[in-house]
Each structure stands twice: as C-alpha cells, then as structure tokens.
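For reference, the structure discussed in these notes is given below.
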Amino acid sequence: MSYSPRTRRVTTWTVAGLLALAALPACGSQEAGTGSPAGAARSASPSAATKPTAGQFRALEREFDARLGVYALDTGTGRSVGYRADDRFAYASTFKALAAGAVLRKFGTDGIDKVVKYSRDDLVENSPVSENFVETGMSLRGLCAATLWYSDNTAVNLLLHELGGPDGLEKALEDLGDDVTEMDRYEPDMSEGAPGDIRDTSTPRAMAGSLRAFLLGDALKRDERELLRQWMTTNMTGRTLITAGVPDGWEVADKSGTAGYGGRNNIAVLWPDDGGNPVVMAVMSTRGKQGAERDDALIAKAATVAVEGLGR
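In mature numbering (1 follows the signal peptide of the UniProt record, and there is no 0), the protein residues as written are -28 to -1, 1 to 284.
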C-alpha cells in the first residue's frame, strides 16, 4: 500500500488519550431504533424542503455564497426536512463514520483487536495518530478510533484496505440499501471535491440513511453499535458544526468532512436531552470555487433551521 507521504505531529498525551479511548468497553443501553436499512431514509419524504424551511435554506446559500444540501429525519414521528436532499456533494471525511461501521460489521468487537502493519510509505497528510505507530502497527480498534476522533487519513486508508478498497466499502453500503454513494479513491484524493465530478460523492439523504443503519438500525449488533456511538460522540472535529446549531444538552454522534472548493459537511445522529427519539441529520455544502474557504457557521445555522423545521 502506498498513498504519498506528508504528516504532522501530535503530542504524546494526545496519542495516549486516543489509545485509552480505543481500549474502553462499549457503554450505553439503547437498542436499535428501527431495523430500517439505509434506503429507508430515501422514502421518508420528498427531496424538496418543506415550505417553512426552504426560504431559510435559500437565504443561507445567499449569505454564504454556497450550495447547501440538508436532510433531517425525526425517527420517532417520521417527519423530515430536506433541501437539495438528493443533490450530489463530495462527502469528504464524513464517509469515515461509514467505514468504521463497515469494519465493525465485518469483524465484530471480537475481531477488531487484529493488528494491521504498515510502513512510512503508507503515511499521507493529516495522519496525526498513525504516524506514531509505524514500528508497531495499529489494531483495527485503534484505527477506527483514530479515524473518528482525529479524522486520521492513513488510518481510514488502512481500514479501506481491510474492507477490500473503496469498492469494498461501496458494496457494504449497497448491502444496506445505499445504491447512491460512490466510493472511488483513497484519502486524500477523495476529498478533492471538483465540481461536476461524481467520484466520491453522495447525497444528504443517502448519507443520513447509511449512518442511521449503522447507529440506529440493525446493521450492527448492539455492542458494535454502542462502540461506534461512543467513538462518534467523543470525536474532536465537529464541535463547531451541527453540535453548535442544536439545543444545549443534546448528545451528538457526528463526523465532519472538508472538501476542496469550499466544501464543508457534517453527518450526525442526535439524541435530545428530553429522552425523545433520535434525529438523523446530514448537512453538506460546497462553494464551487477552487481555493474557496470553508465556513462552519453555514453548517451550524442549517442544523438550527432543520431542527426547528422538525418542530424540536
């Protein structure tokens, strides 16, 4: 395996913290919300936004000079909010949540202590954890934690290899009912986000559906689901995105993503603090211009509109 080298360092305590997180047992007790596959989200509502939210989403597009895609589903009421929910966007690192879910589905919690060996030639940019363990290798458990907690690119490339490459992950998603998401390249190339390129793209509806299958459906066993939830609720990358736009006290299991051309995304499952049924949400965006800057406030504001549109 070779993906082109360039890395940065993390502190010893950060690495130690990640390893401690990876070693923790799964916690929590919530059963699967439904047995619905990823495709269930696509049938929950039409792709257009409901009238009360469409204007607000359009206003956000004008404010941030961006194209925005949103899909949110209240799993209790079945009510949904969508805006460009079936448009394609480069998903960037949000796919890492699906990759970790697929690894858990394939190996189970008993199999993720398998150690994966790799070399310095396998290191790519933004690999702050995996660059520290070239000599020893990392377990699948540690690679999943690094992927979700720090969005480590080499870690997810190694997970993809264990799944049979991007095609293997795409097949795993198809088995869950997601025939929309295109998996084509490894990191960092998959985050290019060039306008008009359908490689490594998906839709907000499909991404929400696949995440729902892993975190709330029956794609994973209970202990696997709880471990994925733990990793995603303790990640270090999404606090300025959906989390910043929903009510205080809500638990958020999310994965962020940054693409070229100003692309910024976040997918999440949210548990309200009143014990209500969880909400599944995907917010994706692009500015369509090379070198354009991302703006996390767009994602946070879109999340606020979506939650209000659901009546939560």
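Where a beta carbon is used, it is the ideal one built from N, C-alpha and C, also for glycine. Note that the structure is a prediction, hence the values are computed from the model and not measured.
Going by DSSP, Y122 is part of no beta strand (DSSP E) but of the alpha helix (DSSP H) stretching over L112 to Y122. Within the same chain, Cβ atoms closer than 7 Å to the Cβ of V152 are found at S174, T175 and A178, the five residues on either side in sequence being excluded. L242 and L45 have their C-alpha atoms roughly 10 Å apart.
Judged by beta-carbon spacing, L131 lies beyond the 8 Å limit of L145, meaning their Cβ atoms are not closer than that value.
Looking at the DSSP output, D226 bridges to A240. Within the model, the alpha-carbon separation for G50 versus N207 is close to 28 Å.
R284 is positioned such that its CB atom lies closer than 8 Å to that of P244. Apart from the 5 residues on each side of it in sequence, T209 sits with its Cβ closer than 6 Å to the Cβ of S123 and S228 in its chain, given in chain order. Taking 8 Å as the cut-off, the beta carbon of T276 is found no closer than this to the beta carbon of G189. Residue environment for E198: buried (at least 16 other C-beta atoms within 10 angstroms of its C-beta). Taking 8 Å as the cut-off, the Cβ atoms of Y63 and N238 do not count as close.
Scanning its chain for C-beta atoms nearer than 7 Å, with the 5 sequence neighbours on each side dropped, one finds around L282 the residues A44, D46, R51, V53 and V251, in chain order.
Shown here for K261: same chain residues with a beta carbon closer than 8 Å to its own, the five before and five after excluded, namely Y233 and G234 in chain order. Distances from the CA of G48 to each of A278, T258 and G247 were compared; the closest alpha carbon is that of G247. Cβ-Cβ distances below 7 Å link A225 to L187, R201, M204, T205, A240 and V241 in the same chain, with the five nearest sequence neighbours on each side left out; the list follows chain order. Separation of the CB atoms of A272 and T212 is rounded to 7 Å, and the pair is thereby assigned contact status at 8 Å. D156 carries a coil assignment under DSSP once its states are collapsed to helix, strand and coil. Residue environment analysis places A274 among the buried positions, since at least 16 neighbouring C-beta atoms fall within 10 angstroms of its C-beta. In the three-state reduction of the DSSP assignment, G217 falls in the helix class, which pools H, G and I.
Beta bridge pairing from DSSP links A38 with no other residue. Your pair R56 and G41 checks out as a contact, with CB atoms roughly 4 Å apart and the cut at 8 Å. The three-state secondary structure of D147, taken from DSSP, is helix. If you draw a 10 Å sphere on the C-beta of G83, you find fewer than 16 other C-beta atoms in it, and that means exposed. Under the criterion of beta carbons closer than 8 Å, E196 and T81 qualify as touching, at roughly 6 Å. In this structure, K86 and S102 do not form a Cβ contact; the two beta carbons are roughly 15 Å apart against a cut-off of 8 Å.
S163 counts as buried, since no fewer than 16 other beta carbons sit within 10 angstroms of its beta carbon. Minimum Cα-Cα distance from F61 among the listed residues G73, H133, R39 and L70 corresponds to R39. Non-local beta-carbon contacts of T215 in its own chain, meaning distances under 7 Å to residues more than five positions away in sequence, involve V224 and D226 in chain order.
Counting of Cβ neighbours within 10 angstroms places D172 among the buried residues, the total reaching 16 or more.
DSSP places S52 within a strand segment (E or B) once states are collapsed to three. Separation of the CB atoms of K78 and L141 is rounded to 10 Å, and the pair is thereby denied contact status at 8 Å.
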